[in-house]
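Residue numbers (the numbering used here): 1 to 205.
Think of the CB as a built atom: it goes at the ideal place given N, C-alpha and C, for glycine as much as any other residue.
These notes are about the structure you will find just below.
Structure follows, in C-alpha cells:
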C-alpha cells in the first residue's frame, strides 16, 4: 500500500495525543495486528482488545503483540462490540467490507462505546468524489505497487479482492461520524484512495 509508515503512523500519533496512561483501546477487524503494533509501540501501557472474525489472523496478531497487554476476541464488528467503555476505538483496512448502512450503524455503536474525549480512527480505503477520481486513485495505486515489485499475478489478485469491497467517500464518512455523535471530525492523512479519518466524542455540554 502507498506510504505504509505514514498511513499507520498518523493513526498512532492521533491515539498517542489523545489517550491517558493505561488506556483501553479496541481494534476492530485487527487482522494481523499491524495498526495495534504501531500504537502499542508508542503507548505500551495501553490495554488493547483485538477483535477479528479470523482465528488465524488473531493467532498472528497475538504472537506479534505478545509483549503487550492484549485481549483477543473472535467475532464480527458487524455485531455487538466487546464491553467498553474505551478510550480509543481504531480500525484499519476493514470497515470498507461493510455496506454503507452497516457502516453507519457501526459508527453509532462505536460512539456509544467511547468515553468522553475518546477517539475513533478509521484508517481505510475510500472512494473518490466521482467514479473518475476512483479510477485515478486505482491507477496511481497500481503504479506505486508496481514500483514496489508487485507482479501481474499479485495485482490481479488484489483487483479481485477490491472488486467486492464497498468504498465510501471521505465526505460520506465524516458526515456519518457527526451523525453518530462525534466531533472535530477530519481527514488527517490521505494518499490516493487511502485515508486516515478520525473523530472525538466530546463531553456533553
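By the 10 Å Cβ neighbour count, where 16 or more other Cβ atoms means buried, how is residue 94 classified, buried or exposed? Position 94 of the chain shown, counting from 1, holds the residue named residue 94. Residue 94 comes out buried.
Under a three-way DSSP split, which group does residue 125 fall into? On the chain shown, residue 125 is found 125 positions in, with the first residue counted as 1. Reduced to three states, the DSSP call for residue 125 is strand.
Is the stretch 103-111 touching the stretch 129-138 in the sense that three or more CB pairs, one from each, lie closer than 8 Å? Contact fails: fewer than three Cβ-Cβ distances are below 8 Å.
For residue 116 and residue 205, the rounded distance between their alpha carbons: Here residue 205 refers to the residue found at position 205 when the chain shown is read from its first residue. Here residue 116 refers to the residue found at position 116 when the chain shown is read from its first residue. Annotation note: pLDDT 44 at residue 205 (below 50); position unreliable, no value reported.
Return the bridge partner residues of residue 118 from the DSSP annotation. Position 118 of the chain shown, counted from the start, is the residue given in the question as residue 118. Under the DSSP definition of a beta bridge, residue 118 partners with 201.
Rounding to the nearest angstrom, what Cα-Cα distance links residue 202 and residue 152 in this structure? Counting from one through the chain shown, the residue named residue 202 turns up at place 202. Counting from one through the chain shown, the residue named residue 152 turns up at place 152. Distance between the alpha carbons of residue 202 and residue 152: 47 Å.
Three-state secondary structure assigned by DSSP to residue 180: As a position in the chain shown, residue 180 is number 180, starting the count at 1. Note: residue 180 maps to coil in three-state DSSP.
Cα-Cα separation, residue 170 to residue 126: On the chain shown, residue 170 is found 170 positions in, with the first residue counted as 1. On the chain shown, residue 126 is found 126 positions in, with the first residue counted as 1. The straight-line gap from Cα to Cα measures roughly 6 Å.
Quick one, are the C-beta atoms of residue 64 and residue 84 less than 9 Å apart? Taking the first residue of the chain shown as position 1, residue 64 is located at position 64. Taking the first residue of the chain shown as position 1, residue 84 is located at position 84. No; because the gap between Cβ atoms is not below 9 Å, this pair is not in contact.
Take residue 193 and list the residues in its own chain whose beta-carbon comes closer than 8 Å to its own, dropping the five residues that flank it on each side. Translated into the one-based positions of the chain shown, residue 193 becomes position 193. Same-chain partners within the cutoff: 125, 126, 127, 128, 134, 137, 138, 141 and 167.
Can you pull the DSSP bridge partners for residue 91? Here residue 91 refers to the residue found at position 91 of the chain shown. DSSP links residue 91 through a beta bridge to 28 and 122.
In the structure shown, what three-state DSSP assignment does residue 171 receive? As a position in the chain shown, residue 171 is number 171, starting the count at 1. If DSSP states are grouped into helix, strand and coil, residue 171 belongs with the helices.
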